[in-house]
């Protein structure tokens, strides 16, 4: 009770600190102070500290199950394991916004430390712009989503957390995702500041690149965790469905990826200044759009915790204000501070980066339009349509082929001008690409020219990247990420074209066959856990070599809230995942059994990790220059 | 004359491609019961479970989804084509049920806008690269 109060007042103090920092830095900017006083740094530290205290108080309230707190009451339960009590803190609207605020203030503090050698004018302006965002979100949390609301009379038991959110991967998914998502805010503030202080140059690029990589790595990780969770928890064996909530995390990722390539060009060649700034603004705006779409309740999915129009309207208004502000700043300082200088030769790395951005922005526009078009159509024409996988596949897949081809040759381009030599090696790579592609197509057994072309593109990228690995001069981080990306595409394609699945309604003792494998339903058992009861099915799979594989899918019946979930049982090998779920059928002895063979599943996760690893290498490689 | 030769060659390639495509697509013609099952999965993967939250009928185990699966398999066994099944369902439940928006008056912008943006982007980049010095 007292802790909860502490959390609330800590938030108020945080807001007051922010307002003070805002005015303080405006005064300093007017006076043109040459240094950032330790007082300002201290205040930013305090600001973070206040939010941190507030966040810890909420976690504490969750741990001790303080049901006088409305957020805890609505989302927790005494019988829940400790880990899920803690992760329940951000498994709801109010708590997740407090996490937003924590990351938002945290990245500013990080920025202050990382930018000690930058011009103070630029730093101060960054602080100023960032305070606008922080104040906006403080008000949002306090006004519409206070996590410390009290309820009276105090309840003795809470309503519990949605069981499908009670999962380790999903427990850490929000913090990781938010570090990436909200990390883009500092890029936005710094971009506006650099524009005004006429600091859009090589050293700025070097400074802000860290934050771009930082956001990019965490966003990649967050998306990965979400996909893994969807794969084993939602019970249908897919990992990506082009659902609006997935799309809103992919959009900032795409624009961050484009930005990453631009910022290196800016760093090396002082080119694309305007475009880089625009991308910085777009990236954060997309994060806000995502927050708006998810929090407003416009989308229907598991992420929508509440349906409250006032929240949506607030975020949308705030977003518009920020976009308008950046637009005004951009138009004022664009002519003043940006002078286009050198021209670009067609055969150069600059061109490669432009083409990269061209395609990525196209993919981004497909995802953006696919996500928001149905909303507009519904509002304007009162017609409901669904935009799902077929739309994205049709518009994205054909463009992937030229994209990966450009991606293959881009890294071997040089800055300014490239002289191409077509040697024997290139023919060898093309030769092996074709061999691999034909073999793959043969094994899948789907003879399709388009599929073949996709494989040719993906394998070419993989071999080209591996070839670059042998050249010491090339950049290791970039090669890792590019190889990871090609591996990801190959795994996804293989996975989606050679998965098998069947759904059968069977009783204990019965069996069925799917492509050389026999699945036997041995027995059923019931077990009681702390906050759920589980019905476990014992299955034996006889593979083509008659080896026995045991699978134990469960049906869990949670007590609070009362809800049944189906827990998949998955046996992973390097080449194939075996995936089984069971469901009860009403008033019958039959069970609904869904069995799937999913080849190369683990490679989808591994290759995404490789992509992330490339980013990590780029961050930690201090002495050597980061290149693309 | 040269033009004509070129056209002829193009035509040859086209015929070859068409030949390859038809060869590949008519490779297996035997219709088994697992064929209907596969077709049902293909169709239900593209249908929204109307009472669920963002799930396809294929993924869902709700009563609605289960009965839809049975209904669609029955329709296929009665000799209906995939397209016929889709159109009868959209007639009944509206466009909302299909995950493929298709091209219609309402979705023209949805399909064309990204492509248009791609073209515009291409023109801007081409101008930047091939600008006369």
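Protein chains in written order, with the numbering used here: chain A, 13 to 640; chain B, 985 to 1117. The beta-carbon is built from N, C-alpha and C at its ideal position, and this holds for glycine as well.
Chain-order list of residues whose beta-carbon lies under 8 Å from that of residue i (same chain, five-residue window excluded)
i, result
"residue 30 of chain A", "59, 143, 146, 147, 150"
"residue 300 of chain A", "327, 330, 331, 334"
"residue 39 of chain A", "none"
"residue 209 of chain A", "131, 133, 134, 137"
"residue 450 of chain A", "464"
"residue 635 of chain A", "Note that residue 635 of chain A has pLDDT 45, beneath the 50 cutoff, so the model's placement of it is unreliable and the number below is only indicative. Here the set comprises nothing."
Opening and closing residue of the beta strand (DSSP E) in which residue i lies
i, result
"residue 553 of chain A", "544-554"
"residue 523 of chain A", "523-526"
"residue 568 of chain A", "566-570"
"residue 642 of chain A", "The shown model of chain A, from 13 to 640, leaves out residue 642 of chain A, and the question about it has no answer."
"residue 538 of chain A", "529-540"
"residue 596 of chain A", "588-596"
"residue 583 of chain A", "581-584"
Counted within 10 angstroms of its Cβ, other Cβ atoms place residue i as buried (16 or more) or exposed
i, result
"residue 394 of chain A", "exposed"
"residue 376 of chain A", "buried"
"residue 483 of chain A", "exposed"
"residue 646 of chain A", "Chain A is shown only over 13 to 640; residue 646 of chain A falls outside these bounds and no answer can be derived."
"residue 519 of chain A", "exposed"
"residue 194 of chain A", "buried"
"residue 239 of chain A", "buried"
"residue 586 of chain A", "exposed"
"residue 104 of chain A", "buried"
"residue 128 of chain A", "exposed"
"residue 368 of chain A", "buried"
"residue 276 of chain A", "buried"
"residue 93 of chain A", "exposed"
"residue 1067 of chain B", "exposed"
Backbone CA spacing between residue i and residue j [nearest angstrom]
i, j, result
"residue 1053 of chain B", "residue 1077 of chain B", "15 Å"
"residue 425 of chain A", "residue 370 of chain A", "17 Å"
"residue 91 of chain A", "residue 19 of chain A", "24 Å"
"residue 1102 of chain B", "residue 380 of chain A", "14 Å"
"residue 65 of chain A", "residue 411 of chain A", "48 Å"
"residue 25 of chain A", "residue 472 of chain A", "57 Å"
"residue 479 of chain A", "residue 552 of chain A", "44 Å"
"residue 1093 of chain B", "residue 233 of chain A", "34 Å"
"residue 616 of chain A", "residue 490 of chain A", "19 Å"
"residue 73 of chain A", "residue 488 of chain A", "46 Å"
"residue 273 of chain A", "residue 497 of chain A", "15 Å"
"residue 619 of chain A", "residue 1105 of chain B", "30 Å"
"residue 22 of chain A", "residue 102 of chain A", "18 Å"
"residue 433 of chain A", "residue 446 of chain A", "21 Å"
"residue 363 of chain A", "residue 287 of chain A", "14 Å"
"residue 162 of chain A", "residue 80 of chain A", "6 Å"
"residue 626 of chain A", "residue 164 of chain A", "52 Å"
"residue 141 of chain A", "residue 203 of chain A", "10 Å"
Own chain partners of residue i with C-beta closer than 7 Å, once the 5 adjacent residues on each side are dropped
i, result
"residue 1046 of chain B", "1033, 1035, 1036"
"residue 323 of chain A", "156, 157, 307, 308"
"residue 282 of chain A", "213, 214"
"residue 599 of chain A", "none"
"residue 982 of chain B", "With chain B represented from 985 up to 1117, any question about residue 982 of chain B goes unanswered, as that position is not in the structure."
"residue 346 of chain A", "286"
Same chain, Cβ closer than 6 Å to residue i, five either side skipped, listed in chain order
i, result
"residue 614 of chain A", "584"
"residue 548 of chain A", "537, 564, 566"
"residue 539 of chain A", "546"
"residue 597 of chain A", "604"
"residue 499 of chain A", "619"
"residue 296 of chain A", "196, 197, 200"
Residue interval of the alpha helix (DSSP H) (run including residue i)
i, result
"residue 278 of chain A", "256-281"
"residue 135 of chain A", "132-156"
"residue 298 of chain A", "285-308"
"residue 512 of chain A", "Segment 512-518 is the beta strand (DSSP E) holding residue 512 of chain A; no alpha helix (DSSP H) there."
"residue 445 of chain A", "436-456"
"residue 87 of chain A", "82-87"
"residue 366 of chain A", "361-393"
Can you find at least 3 beta carbon pairs, one from the region 590-610 of chain A and one from the region 502-514 of chain A, that sit closer than 8 Å?
yes
Report yes or no: do the region 414-421 of chain A and the region 458-472 of chain A share at least 3 C-beta pairs separated by less than 8 Å?
yes
Would you call the region 86-100 of chain A and the region 165-184 of chain A in contact, with 3 or more CB pairs under 8 Å?
yes
Decide if the region 521-534 of chain A is in contact with the region 567-580 of chain A; the criterion is three or more beta carbon pairs, one per stretch, under 8 Å apart.
no
Any contact of the region 96-103 of chain A with the region 113-130 of chain A, i.e. 3+ C-beta pairs under 8 Å?
no
If we count Cβ pairs, one from each stretch, closer than 8 Å, do we get three or more for the region 242-250 of chain A versus the region 185-193 of chain A?
no
Inspect the CB distances between the region 397-407 of chain A and the region 353-364 of chain A and report whether three or more fall short of 8 Å.
no
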